[in-house]
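K.L.:
Pasting a structure below so you can have a look.
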Amino acid sequence: MKARIHVTLKNGVLDPQGKAIEHTLGSLGFDGVNEARQGKFIELDIAETDEAKARETVTAMCEKLLANTVIENYSIDLEQ
Numbered sequence: 002m003k004a005r006i007h008v009t010l011k012n013g014v015l016d017p018q019g020k021a022i023e024h025t026l027g028s029l030g031f032d033g034v035n036e037a038r039q040g041k042f043i044e045l046d047i048a049e050t051d052e053a054k055a056r057e058t059v060t061a062m063c064e065k066l067l068a069n070t071v072i073e074n075y076s077i078d079l080e081q
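Right, dumping it as structure tokens:
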């Protein structure tokens with residue numbers, strides 16, 4: 002089963018990398034970008050076939066390692 006995890010900063014947390022992207026896009030002539038926020042994308046191929054168990058396992062991975070839950074949110078998409 003494939004697990005795709007998107008990790009983003011929580012609202013209100015400063016995102017200096019996002020600001021740098023926003024500024025550079027404007028410098029390159031890409032006007033109209035009001036805000037840019039950067040995150041992480043993680044793709045895992047796991048041996049679990051039961052979707053509920055896979056979600057539980059990946060959630061534990063996010064809580065323990067993949068996301069800093071104090072300042073980051075995460076979402077999980079599973080695919081057979």
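Following our numbering, the numbering of the sequence shown begins with 2 at its first residue and continues without gaps.
By construction, the Cβ of each residue, glycine as well, lies at the ideal position given by its N, Cα and C atoms.
1) From residue 69 to residue 26, what does the alpha carbon distance come to, in whole angstroms?
2) In terms of residues, what are the limits of the alpha helix (DSSP H) holding residue 22?
3) DSSP on residue 56, reduced to helix/strand/coil?
4) Helix, strand or coil for residue 3, going by three-state DSSP, please let me know.
5) Could you pull the start and end residues of the beta strand (DSSP E) that residue 42 belongs to?
6) Please confirm whether residue 67 and residue 43 have their CB atoms less than 8 Å apart.
P.N.:
The structure says:
1) Approximately 28 Å between the Cα atoms of the pair.
2) 17-28 is the extent of the alpha helix (DSSP H) around residue 22.
3) Three-state DSSP puts residue 56 in a helix.
4) Residue 3 sits in a strand when the DSSP states are folded into three classes.
5) Element bounds for residue 42: 40-46.
6) For residue 67 and residue 43, yes; Cβs fall inside 8 Å.
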